[in-house]
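One structure below.
Chains as they are written, first to last, in the working numbering: chain A, 188 to 503; chain B, 5 to 268.
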């Protein structure tokens, strides 16, 4: 895809150099299994998108990695340490959804306070600049808009300059320009060896910026690969054609649905689909082939029941 | 880092007009009012200008201590700052140290400025050692109110914290003899006053201003309030309600970070 720097690194790196290792990790809340025997290894310098419907276990996974929740089973390793130790030694920094700034202080003061917490920080002014807050450095944090607050959270991660960045919905409420600046900065960090794991609902930015996509549903990984691979896993293409009159279709290699006089085939093999249609007697017209978007693969992978956020209960 | 943290905690208090109005301007204004009305004093007691000086210094210090902690901690819990701190390389004890330092620091303007007003405007004269001891002892004596604020901040939510703090403040001021000299309270209320930290804080100052040492009862009762409220604050901190997906109590004996997951 366009604009992806470096390409996927996984497999090419030393196996021991993995800032995130989850080994059969399980986390339950009462009867709900939020994370179900999850195994994941993320090598250094990779930008990884964590996708999944609400309740899929993304935020719980981030909590486990930050040491904010303890697993009920399995092992979590962050930068080769327990998550709590990695956090307290400043090796990991996060943009988390439920977090807010210290009230009553100025942007520059809060970034400076954060800088003093971390072992190898960036200069305060540089972090403010990269987050696009240079003209708001002296503003009180209480007077920032939603998008500006999100940029402030970004500045706090930027000033920390950690080995691992965990970003939960990092660009929510950011405008297009801020978002572009954010991703350009992230690519620079990754090129310098920072590992970045982010959860997002914006599939276009996942497609453009992630080296690797991990799709979760019901606390498990249902797909893991480059954006192209994940797109293929959900069905590589859609073949659409008009059927002026009802006709029996041959057994096509994919799922066939009908609506408004159109037939739609979700298939991993568009070539064979088209050949079979051409060889058949079916009076189809206006045939077209589309590449599946990551959106559609994503919905196919997690199942439409999971996509609306209502399927929280697990069979376990 | 903890020093800079405490400095920011103080800065944001000094930028808050409500703090300046209630914990600095109000005690000075009330002092000038009451000292003018009741400045004559009772026979055999401290002059009214001195007694009211100590009462209003305590009055301002108590609100400084409570307002720097209770409503702010509750607000920070609701707004996610304490959750953010859990995800940062800062220990809970460093956060608490910064809060206690800031709470103690912002009691000073009321203590110093009320005494200064008394000396400059009402001509109150004490020996140098009395001024120094009075300020130092009353400052240390403000500690239970800082700890009380911390407990309030972790026990109640953001909406309840301000009215609860202010209500307790008013009740402690009135029943502790800061408004009305305790000698003029009915006997039952006088006994109650004796158990309150507000009365004991003022009593430290009254005794020093009268040239004697603080009583053992003053010190013991203030220490007991500090210990009890400290215990309550520690329990509330550990057991405070978890937000959304709770992480459950951790098995380890020490919890470096507080319990609720920030990301849910």
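Where a beta carbon is used, it is the ideal one built from N, C-alpha and C, also for glycine.
With a threshold of 16 other CB atoms inside 10 Å of the CB of residue i, please say whether the residue is buried or exposed.
i	result
residue 49(B)	exposed
residue 174(B)	exposed
residue 27(B)	buried
residue 229(B)	buried
residue 218(A)	exposed
residue 19(B)	exposed
residue 163(B)	exposed
residue 349(A)	buried
residue 180(B)	buried
residue 75(B)	buried
residue 445(A)	exposed
residue 138(A)	A query on residue 138(A) cannot be resolved here, the shown segment of chain A reaching from 188 to 503 and no further.
residue 337(A)	buried
residue 433(A)	exposed
residue 394(A)	buried
residue 129(B)	exposed
residue 21(B)	exposed
residue 299(A)	buried
residue 477(A)	exposed
residue 148(B)	buried
residue 398(A)	buried
So, with DSSP's three-state summary, where would you put residue i?
i	result
residue 471(A)	coil
residue 458(A)	helix
residue 82(B)	helix
residue 403(A)	strand
residue 280(A)	strand
residue 271(A)	helix
residue 438(A)	coil
residue 218(A)	coil
residue 264(A)	strand
residue 243(B)	helix
residue 426(A)	strand
residue 256(A)	coil
residue 69(B)	helix
residue 415(A)	helix
residue 76(B)	helix
residue 10(B)	helix
residue 393(A)	helix
residue 3(B)	Not covered by the structure: residue 3(B). The range shown for chain B is 5 to 268.
residue 352(B)	There is simply no residue 352(B) to check, as chain B begins at 5 and stops at 268 in what is shown.
residue 188(B)	helix
residue 249(A)	helix
residue 154(B)	helix
Tell me which residue opens and which closes the beta strand (DSSP E) that residue i is part of.
i	result
residue 454(A)	449 to 454
residue 194(B)	Unbroken run through residue 194(B) is the alpha helix (DSSP H), 191 to 199; no beta strand (DSSP E).
Just to confirm, is the Cβ distance from residue i to residue j under 8 Å?
i	j	result
residue 146(B)	residue 104(B)	no
residue 272(A)	residue 231(A)	no
residue 118(B)	residue 60(B)	yes
residue 210(A)	residue 84(B)	no
residue 25(B)	residue 158(B)	no
residue 408(A)	residue 402(A)	yes
residue 224(B)	residue 153(B)	no
residue 442(A)	residue 93(B)	no
residue 165(B)	residue 78(B)	yes
residue 225(A)	residue 91(B)	no
residue 112(B)	residue 143(B)	yes
residue 42(B)	residue 32(B)	no
residue 247(A)	residue 221(A)	yes
residue 160(A)	residue 359(A)	Chain A is shown only over 188 to 503; residue 160(A) falls outside these bounds and no answer can be derived.
residue 251(A)	residue 245(A)	no
residue 68(B)	residue 114(B)	yes
residue 483(A)	residue 421(A)	yes
residue 352(A)	residue 315(A)	no
residue 209(B)	residue 58(B)	yes
residue 13(B)	residue 82(B)	no
Please report the residue range of the alpha helix (DSSP H) in which residue i lies.
i	result
residue 121(B)	112 to 125
residue 487(A)	481 to 489
residue 231(A)	Note, residue 231(A): premise wrong, no alpha helix (DSSP H); not H, not E.
residue 133(B)	132 to 145
residue 219(B)	Careful: residue 219(B) lies outside any alpha helix (DSSP H) and carries neither H nor E.
residue 179(B)	162 to 179
residue 41(B)	30 to 42
residue 98(B)	96 to 109
residue 21(B)	21 to 24
Could you give the uninterrupted runs of the beta strand (DSSP E) lying entirely in the segment 282 to 366 of chain A, keeping only those of 3 residues or more? 351 to 355
What residue ranges within the segment 363 to 390 of chain A form continuous beta strand (DSSP E) runs of no fewer than 3 residues, ordered along the chain? 382 to 386
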